[in-house]
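Visitor: My structure is below; once you've seen it, I'll send some questions.
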Amino acid sequence: MKTAIRDSALHEALDRTFDIAKNLGFTGIDVTLGRRNTREHPMWTRAGLRGILDHRNSTRLDIPCINVERFESMGLAHPNARVREGAGKVLNALIPRAAALGTWAVVVPLDGRGQPFGRVRQKTVAEVLRDVAPAAESHGMGINIRSAADTKVILRLLDDVGSETVRVEHDIAHSVLLDRDPAADIRALGGAVAQVRLRDIDAGGSLCPLGVGTVAYQPIVEALDEIDFDGYVVVDTPHGADTVAAAAANLAFVHEYFLWT
Numbered sequence: 011m012k013t014a015i016r017d018s019a020l021h022e023a024l025d026r027t028f029d030i031a032k033n034l035g036f037t038g039i040d041v042t043l044g045r046r047n048t049r050e051h052p053m054w055t056r057a058g059l060r061g062i063l064d065h066r067n068s069t070r071l072d073i074p075c076i077n078v079e080r081f082e083s084m085g086l087a088h089p090n091a092r093v094r095e096g097a098g099k100v101l102n103a104l105i106p107r108a109a110a111l112g113t114w115a116v117v118v119p120l121d122g123r124g125q126p127f128g129r130v131r132q133k134t135v136a137e138v139l140r141d142v143a144p145a146a147e148s149h150g151m152g153i154n155i156r157s158a159a160d161t162k163v164i165l166r167l168l169d170d171v172g173s174e175t176v177r178v179e180h181d182i183a184h185s186v187l188l189d190r191d192p193a194a195d196i197r198a199l200g201g202a203v204a205q206v207r208l209r210d211i212d213a214g215g216s217l218c219p220l221g222v223g224t225v226a227y228q229p230i231v232e233a234l235d236e237i238d239f240d241g242y243v244v245v246d247t248p249h250g251a252d253t254v255a256a257a258a259a260n261l262a263f264v265h266e267y268f269l270w271t
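Going by the numbering used here, the letters in the sequence shown line up with residues 11 to 271, in that order.
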C-alpha cells in the first residue's frame with residue numbers, strides 16, 4: 011500500500027505541490043479538477059499536460075487518480091439527463107488525458123448536495139458508467155466511484171454495470187458521518203475497493219487531523235488486510251494555517267499507525 015495526498019489539500023500551485031509531496035515522503039499525488047474551473051485545469055491543454063508529466067517524471071511520484079469535484083453537483087447521478095450526458099462527455103474526454111499521465115483511475119463522485127446517488131434511479135447511473143467503461147478499459151485505466159450510499163446499493167450498481175474497470179474509492183468519513191462502521195463497510199465491499207480516502211472526524215462532525223478524531227483505525231487496518239487491499243490511500247484536507255506541517259503530521263500518523271513501508 012502507498013500513500014498519496016490530494017493536491018488541493020496543500021493550497022499550492024501544482025508544480026510546488028509535486029515538490030512538497032516528494033519532500034514530505036508521499037509516493038503519489040491525487041490531482042483534483044475543481045468544482046468551478048474543471049475546464050481551466052492545465053491538463054486540458056497540450057502544454058499543461060506536458061508540464062504535469064514533467065513534474066511527475068522529475069519527482070517520480072505516481073498520479074494514482076484524477077478526482078473530478080464538479081461531478082459532486084453536476085455529475086452522473088444528476089436528475090437532469092442533459093447534465094448526465096455532459097458529465098459522460100467530460101469523463102470520456104478526460105480518460106485519454108489521464109492515461110497520458112500514467113494515471114491509474116478517474117475518481118467519480120456520485121453524491122451531490124448531500125443526496126446519495128441511490129435517490130435517483132440506479133439504472134440511470136449504471137447506464138452512463140457502462141457507456142464510459144470501455145474507454146477506460148482500452149486505456150488500461152479504472153473508474154473509481156465514490157458515494158455515501160449503503161454498500162448494498164453500491165454493490166448492486168457495480169453488478170448492474172458489469173465491468174471490472176469500475177470499482178470504488180471508499181471514503182472513511184462517509185461511513186463515520188452516517189453512523190456506519192467503516193471497517194464493516196470495507197469488508198462488505200471487499201475486492202471492489204480500489205482506493206481509500208483517509209479522513210478523520212471530530213465529535214462535532216468536522217474534519218480534523220488523522221488520529222485526533224473519532225475514527226477507530228485498528229479495525230480499519232484489519233479490514234484492509236482481510237480484503238488483501240494493495241491500492242493507494244489518499245490523505246485529504248490537512249488542517250491548520252501551515253498546510254505543509256499538517257500534511258507531514260498526517261503522513262507520520264499513517265506511517266506509524268498503519269506500519270506501512
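Where is the CB? At the ideal position from N, CA and C, for every residue including glycine.
Roughly how many whole angstroms lie between the Cα atoms of Leu168 and Val116?
Guide: 16 Å
Visitor: CB-CB under 8 Å to Ala264, same chain, minus the five flanking residues each way: which ones, in chain order?
Guide: Inspection of the sequence shows that residue 264 is occupied by Val rather than by Ala. Thr13, Leu208, Leu220, Val243, Val245 and Trp270.
Visitor: Where do the N-terminal and C-terminal ends of the beta strand (DSSP E) with Asp40 fall, by residue?
Guide: Gly38 to Leu43
Visitor: Can you tell me whether DSSP reads Val231 as helix, strand or coil?
Guide: helix
Visitor: Classify Leu188: buried if its beta carbon has 16 or more other beta carbons within 10 angstroms, exposed otherwise.
Guide: exposed
Visitor: Where does Ala14 sit, in a helix, a strand or coil, going by DSSP?
Guide: strand
Visitor: Curious, which full-length beta strand (DSSP E) runs of at least 3 residues does the region 53-93 contain?
Guide: 72-78
Visitor: Which runs of the beta strand (DSSP E) at least 3 residues long sit entirely within the region 92-163? Give them in chain order.
Guide: If we require 3 residues or more, the beta strand (DSSP E) runs fully inside the region 92-163 come out as 115-119 and 152-156.
Visitor: Roughly how far, in whole angstroms, is the beta-carbon of Val176 from the beta-carbon of Ile155, given that I think they are within contact range, below 8 Å?
Guide: 7 Å
Visitor: Taking C-beta to C-beta, are Ala110 and Met151 nearer than 8 Å?
Guide: no
Visitor: Is it right to say Thr224 is buried, meaning 16 or more other beta carbons lie within 10 angstroms of its own, or is it exposed?
Guide: exposed
Visitor: Secondary structure at His184, three-state DSSP: helix, strand or coil?
Guide: helix
Visitor: Since Val203 and His180 should fall inside the 8 Å C-beta cutoff, what is the C-beta to C-beta distance between them, to a whole number of angstroms?
Guide: 5 Å
Visitor: So, at 8 Å on beta carbons, what are the nonlocal neighbours of Ile105 in its own chain, with the 5 sequence-adjacent residues on each side left out?
Guide: Val116, Val142, Ala145, Ala146, His149 and Met151
Visitor: On a Cα-Cα basis, can you pick out the residue from Ala159, Asp212, Asp210 and Ala213 that is closest to Asp195?
Guide: Of Ala159, Asp212, Asp210 and Ala213, the residue nearest in Cα terms is Ala159.
Visitor: Taking 6 Å as the limit between beta carbons, can you name the residues of its chain near Ala258, skipping five residues before and five after?
Guide: Leu34
Visitor: To which residues does DSSP link Leu208 through a beta bridge?
Guide: Val245
Visitor: Does the beta-carbon of Gln205 have 16 or more other beta-carbons within 10 angstroms, so that it is buried, or is it exposed?
Guide: Buried.
Visitor: Considering only their Cβ atoms, is the gap separating Val41 from Ile76 smaller than 8 Å?
Guide: yes
Visitor: Following the continuous alpha helix (DSSP H) through Ile30, name the residue where it begins and the one where it ends.
Guide: Leu24 to Leu34
Visitor: Tell me whether Thr271 sits in a helix, a strand or coil according to DSSP, three-state version.
Guide: Note on Thr271: pLDDT 40, under 50, position unreliable in the model; the coordinate value appears next. DSSP places Thr271 in coil when its eight states are reduced to three.
Visitor: If contacts are defined as beta-carbon pairs under 8 Å, then Arg80 and Leu139 qualify, I think. What distance do you get, rounded to the angstrom?
Guide: The Cβ separation is near 17 Å, so there is no contact.
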